[in-house]
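Numbering (the numbering used here), first residue to last: 103 to 190. Let me begin by presenting the structure, written as structure tokens, before commenting on it.
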Amino acid sequence: MKAPNLSLYHFDGCSYCGRVRSALNRLDLQLELRDIELDPDRRRELVQATGRQTVPCLRIELPGGGVRWMHESLDIIRYLETEVANRG
103 MKAPNLSLYH FDGCSYCGRV RSALNRLDLQ LELRDIELDP DRRRELVQAT
153 GRQTVPCLRI ELPGGGVRWM HESLDIIRYL ETEVANRG
């Protein structure tokens, strides 16, 4: 299932990011992956928005135009399981 309002900031060598990517596969969710090591603009975007470059970080576009940023792999997975996967 596509989740167009979600983007995951990550990089390949991050084990916590891998945990989230595995959950995405298990839940059959597709969202935009933004690799902060390969794309310096994405890294700057993350730091500007959150004040840190810690990944994984889920960017959630809210109805009405707001944005919520979520760090911590287990929090992200819980959100994906309860708020996203159950909608489909």
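Each residue gets a CB set at the ideal place from its N, CA and C atoms; glycine is no exception. The model shown is predicted, which means the values in this text are computed figures rather than measured ones.
Three-way DSSP call (helix, strand, coil) for residue i in this model
i: serine 159; result: A small fix is needed here, since residue 159 is cysteine in this sequence, not serine. Of the three classes helix, strand and coil, the one that applies to cysteine 159 here is strand, per DSSP.
i: leucine 182; result: helix
i: leucine 164; result: coil
Residue closest to residue i, alpha-carbon to alpha-carbon, out of the options
i: arginine 170; options: Asp177, Arg161 and Cys119; result: Arg161
i: arginine 136; options: Glu183, Leu148 and Leu129; result: Leu148
i: isoleucine 178; options: Gly115, Gly166, Asp114 and Leu129; result: Leu129
i: asparagine 107; options: Arg180, Gly166 and His173; result: Gly166
i: serine 175; options: Ala187, Leu126 and Pro142; result: Leu126
i: glycine 168; options: Ser124, Met103, Ala151 and Arg189; result: Ala151
Beta-carbon separation (whole angstroms), residue i vs residue j, contact threshold 8 Å
i: glutamate 139; j: phenylalanine 113; result: 4 Å
i: leucine 164; j: leucine 131; result: Not a contact, Cβ separation roughly 18 Å.
i: tyrosine 111; j: valine 157; result: 5 Å
6 Å Cβ shell around residue i - same chain, five flanking residues per side excluded
i: alanine 105; result: Leu131, Leu133 and Val186
Requested in this report: Output the residue ranges of the beta strand (DSSP E) runs that lie fully inside the segment 114 to 159 and measure 3 residues or longer, sorted by chain position.
Outcome: 132 to 137
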